[in-house]
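Protein chains in written order, with the numbering used here: chain A, 83 to 820; chain B, 12 to 101.
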């Protein structure tokens, strides 16, 4: 009876107080997310660039997206508790009134019954008894009415309890209740992982992946995606086939109105795989990579699978296994290969697209491990020519803007181990192999018919320039000496640099010019390569003017190499700009030439790049007048500005040759032995032939070579040595290359 | 590489922010009780939801912390590579 009188029992303030605390949790998470997003935004704004930075931003974005459903879940809990507290308060106010009335009526009834009993025991009170009996009946009716109202309140309280419990159970979002049912005991304790995992996998693999399965998995990953041990166990048990099935099902939902949930799931899965891969050894990661490709059903959407390979922190061995397997398919099962590698998915690669090209993703990921990237392009200690021919010479990378092959080349050439090997011994096997592979890849890429100005992204251009830049000296020597000479000991194609034999870059002039020209239409790529050219020119000047410098003939050869390199660089981008005039504005072209001259006027890679960087950032690369601002703040000296201004009236190459000549002229009087004094013992005619009276005389051949190469490489209809060689071995003039 | 630029001071600052986010993770944090609300169904449902969402919240904070740690390790590796390169070309 006591309980029945209090259907509204409970402490509403406890619920509203809890709601306030939970709202605080949500708010803290919102603030944390904003803080993280603001911080990561500084990275996105340019404080850190490159592939690792992109992966970092991608992962941070996914974490931010995953925080949203958690905030929403807390908000739903808070709202349910607050509403419950409020409605319970209302019920209690209503029940208090009913109870007061009930108590009053019950007291009145008790009194009436006493009076009635007395009346019934008295004689001659029949009328009074009748009246009292009627009054008792009325009061009893009032009491019953109060109880009815209390029962109604009890009923509404029951509804409120059920509604609130339902809202709370649903607060985590779809799949939450299922996950709670799997992972927790009825009293809220977490079940052992093994038990949970068994049940979870049963649900996920009991047939076609349903929406409910995806919701469940999202809840699981929202709880556990940053627990590497859990992720490793779950994903290993799910196997590649299960993972791909989940991704395929999620891909279908991406376009739904609730596509955000599927996007969150993709981000969580990518992160979970990355953390799991850190716990697996190389073999297991490689096997997983290969198995992922095998699990792809070519007839259904598999747009999301490539994205798995782009996650920050993913062990490169996963991509290594996948890329090796893809290459094996190319050879053994071309149909299957084409269905995977040539698939074009809606949304992929487009602005705002959510997918990436499989081959591009794999090339990018494998490049994270330069030694594996090099191994992919080798057969033993030789370049894998057939493989390189396909991937660099034949494949249409338009979809990816050629970023895949460019990234891989950059990674291989600029690998720390390779550069250290080169520094220790130019014929170190690692550097020789790197150069042989890079030569073959440059050769093929320069002859790839799809590699055209409108198909290459700025990022790819930069990577190509970066990959070519370390070879600027070898290119200079190769242009003057040819690349057919060999090192006596190793039999490797070789050239002579600063009196030392080094491996040659074996790329035909036409292919080299096209590869370089297309890349260097991008200003930053031009800055990178021209910086290397200037650096090399500076080294030649130092070498030629040092005490006890080499004989004049060797110096002459090196200077002619510098001239040839300048001529090649200038003509390569110039010809490409001319061939694609519709894509390159006059202002852009003027800026290119100005950048070229700017770097030439200031030999030394660091100084030149600093100036060019400043100029590009200020947009001062469109006219000479704007360069005044660089003098005003001391970035450029007045003499350098004069040199550039004067040179701008003539050919670009002239400025560069002039810069080298001026450097030597500045040091002329201190050069020992003097170039003006030939060795003794020669007759007058011979002495006159090898004596150079001033810097102009010493560098005359360099200037001539510069102009010669500039003219030769500028000839779009030339044939023979300057033709481009295609993957199939045929040749074409530059203007026929599209 | 040319496309790789890094303002270390900014990146370290950013990682500090993420690391502080990571420190918010506290799986044992107190959850407010509603035990006296008067409904066992509500108490049970709240307990299940709150425990689950609490785990998800902790996982979210942990994600930022893990990203900060992982990136800091990458930065250290980059620094070592830079030093090796500098030594190689000197």
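Using N, Cα and C, we set each Cβ at its ideal position, and we do this for glycine too. Note that the coordinates shown come from a computational prediction; the quantities given were computed from them, not determined experimentally.
Kindly list, in the order they appear in chain B, the residues whose Cβ is closer than 8 angstroms to that of residue 858/A.
Nothing can be reported for residue 858/A: it is not among the residues displayed for chain A, which extend from 83 to 820.
For chain A, is any of its Cβ atoms less than 8 angstroms away from the one on residue 90/B?
False, the Cβ-Cβ gap to chain A never drops below 8 angstroms.
Presumed contact (8 angstroms Cβ cut-off) between residue 588/A and residue 654/A, rounded CB distance
About 18 angstroms separates the CB atoms of residue 588/A and residue 654/A; that is not less than 8 angstroms, and the two are not in contact.
If I follow the unbroken alpha helix (DSSP H) through residue 416/A, where does it start and stop?
416-423 is the span of the alpha helix (DSSP H), which, as asked, contains residue 416/A.
In its own chain, which residues sit with a C-beta less than 6 angstroms from the C-beta of residue 433/A, not counting the 5 before and 5 after it?
Confidence at residue 433/A is low in this model, with a pLDDT of 32, below 50, so the placement of that residue is unreliable and no value is reported for it.
Sort 312/A, 586/A, 298/A and 451/A by Cα distance to residue 555/A and report the nearest one.
For the residues 312/A, 586/A, 298/A and 451/A, the minimum Cα distance to residue 555/A belongs to 586/A.
Against chain B, does residue 91/A count as a neighbour if the rule is that its beta carbon must be under 8 angstroms from one of theirs?
Closer than 8 angstroms to some Cβ of chain B, the Cβ of residue 91/A qualifies, so yes.
Separation of residue 153/A from residue 112/A, as counted between CA atoms:
Spanning the two alpha carbons is a distance of roughly 7 angstroms.
Going by DSSP, what residue range makes up the alpha helix (DSSP H) through residue 582/A?
DSSP places residue 582/A in no alpha helix (DSSP H) but in the uninterrupted beta strand (DSSP E) bounded by 582-585.
Under 8 angstroms between beta-carbons, which chain B residues line up against residue 244/A? List them in chain order, please.
Chain-ordered, the chain B residues with CB closer than 8 angstroms to the CB of residue 244/A read 52.
Closest Cβ-Cβ distance between residue 85/B and chain A: below 8 angstroms?
Residue 85/B has a beta carbon lying within less than 8 angstroms of a beta carbon in chain A.
Of the residues 576/A, 540/A, 469/A and 488/A, the one placed nearest residue 517/A, counting alpha carbons only:
Across the set 576/A, 540/A, 469/A and 488/A, the C-alpha of 576/A shows the shortest separation from the C-alpha of residue 517/A.
Specify the secondary structure class of residue 362/A as computed by DSSP and reduced to three states.
In the displayed model, residue 362/A falls within coil according to three-state DSSP, outside both helix and strand.
Bridge partners for residue 287/A per DSSP, in chain order?
Residue 287/A is not bridged to any residue.
With distances taken Cα to Cα, identify the nearest neighbour of residue 345/A among 296/A, 308/A, 642/A and 499/A.
Ranking 296/A, 308/A, 642/A and 499/A by Cα distance to residue 345/A puts 296/A first.
Is the segment 131-148 of chain A touching the segment 160-172 of chain A in the sense that three or more CB pairs, one from each, lie closer than 8 angstroms?
In short, these stretches do not touch, since the Cβ pair count stays below three.
I need the straight-line Cα distance from residue 87/B to residue 81/B, nearest angstrom please.
Looking at the two C-alpha atoms, the distance is approximately 10 angstroms.
Nearest CA to the CA of residue 557/A: which residue from 403/A, 611/A and 335/A?
Comparing Cα-Cα distances from residue 557/A to each of 403/A, 611/A and 335/A, the minimum goes to 611/A.
Give me the chain B residues within the contact set of residue 96/A, using Cβ-Cβ distance strictly less than 9 angstroms, ordered along the chain.
Neighbourhood of residue 96/A in chain B, by CB distance below 9 angstroms: 43, 44, 45, 46, 47 and 48, in chain order.
Would you mind working out which of 220/A, 250/A, 377/A and 183/A sits nearest residue 165/A, comparing C-alpha positions?
With respect to the C-alpha of residue 165/A, the residue from 220/A, 250/A, 377/A and 183/A having the closest C-alpha is 250/A.
Going by DSSP, which residues form a beta bridge with residue 819/A?
Residue 819/A is not bridged to any residue.
Measure the beta-carbon distance from residue 808/A to residue 462/A and round it to whole angstroms, keeping in mind my assumption that it falls under 8 angstroms.
About 27 angstroms separates the beta carbons of residue 808/A and residue 462/A, which is beyond the 8 angstroms limit, so they are not a contact pair.
Interface flag, residue 429/A vs chain B, CB-CB below 8 angstroms
Because the pLDDT at residue 429/A is just 48, under 50, the model does not fix this residue reliably, and the value given afterwards should be weighed accordingly. With a threshold of 8 angstroms between beta carbons, residue 429/A makes no contact with chain B.
For a contact defined as C-beta to C-beta under 7 angstroms, what are the partners of residue 251/A on chain C?
Although the question refers to chain C, the structure presented lacks it and instead comprises the protein chains A and B.
Which residue from 574/A, 248/A, 759/A and 483/A puts its Cα closest to that of residue 536/A?
Taking the Cα of residue 536/A as reference, the smallest distance to any Cα among 574/A, 248/A, 759/A and 483/A is reached at 483/A.
Per-residue burial, residue 638/A [other beta carbons within 10 Å of its own, 16 or more giving buried]:
Looking at its Cβ environment, which holds 16 or more other Cβ atoms inside 10 Å, residue 638/A is buried.
If the cut is a Cβ gap below 7 angstroms, which residues of chain B does residue 308/A touch?
By Cβ distance, chain B contributes 70, 73, 74 and 77.
Just to make sure I have the definition right: I need the residues of chain B whose C-beta is within less than 9 angstroms of the C-beta of residue 256/A. Which are they?
In chain order: nothing, as chain B lies at least about 13 angstroms away.
Report buried or exposed for residue 756/A, applying the criterion of at least 16 other Cβ atoms within 10 angstroms of its Cβ.
Under this definition residue 756/A is an exposed residue.
How big is the Cα-Cα spacing for residue 32/B and residue 18/B?
Spanning the two alpha carbons is a distance of roughly 21 angstroms.
Run of the beta strand (DSSP E) containing residue 576/A, from where it starts to where it stops
Per DSSP, residue 576/A is one residue of the beta strand (DSSP E) stretching across 576-579.
Check the Cβ-Cβ distances between residue 66/B and every residue of chain A, and say whether any is below 8 angstroms.
Yes - at least one Cβ of chain A is within 8 angstroms of the one on residue 66/B.
Proximity below 8 angstroms, CB of residue 652/A to CB of residue 792/A:
Yes, Cβ-Cβ distance for residue 652/A and residue 792/A is below 8 angstroms.
Looking at the C-beta of residue 513/A, does it have a partner C-beta in chain B at a distance below 8 angstroms?
Answer no: the Cβ-Cβ gap between residue 513/A and chain B never drops below 8 angstroms.
Give me the Cα-Cα distance between residue 421/A and residue 266/A, rounded to the nearest whole angstrom.
Cα atoms of residue 421/A and residue 266/A: separation of roughly 44 angstroms, rounded to the nearest angstrom.
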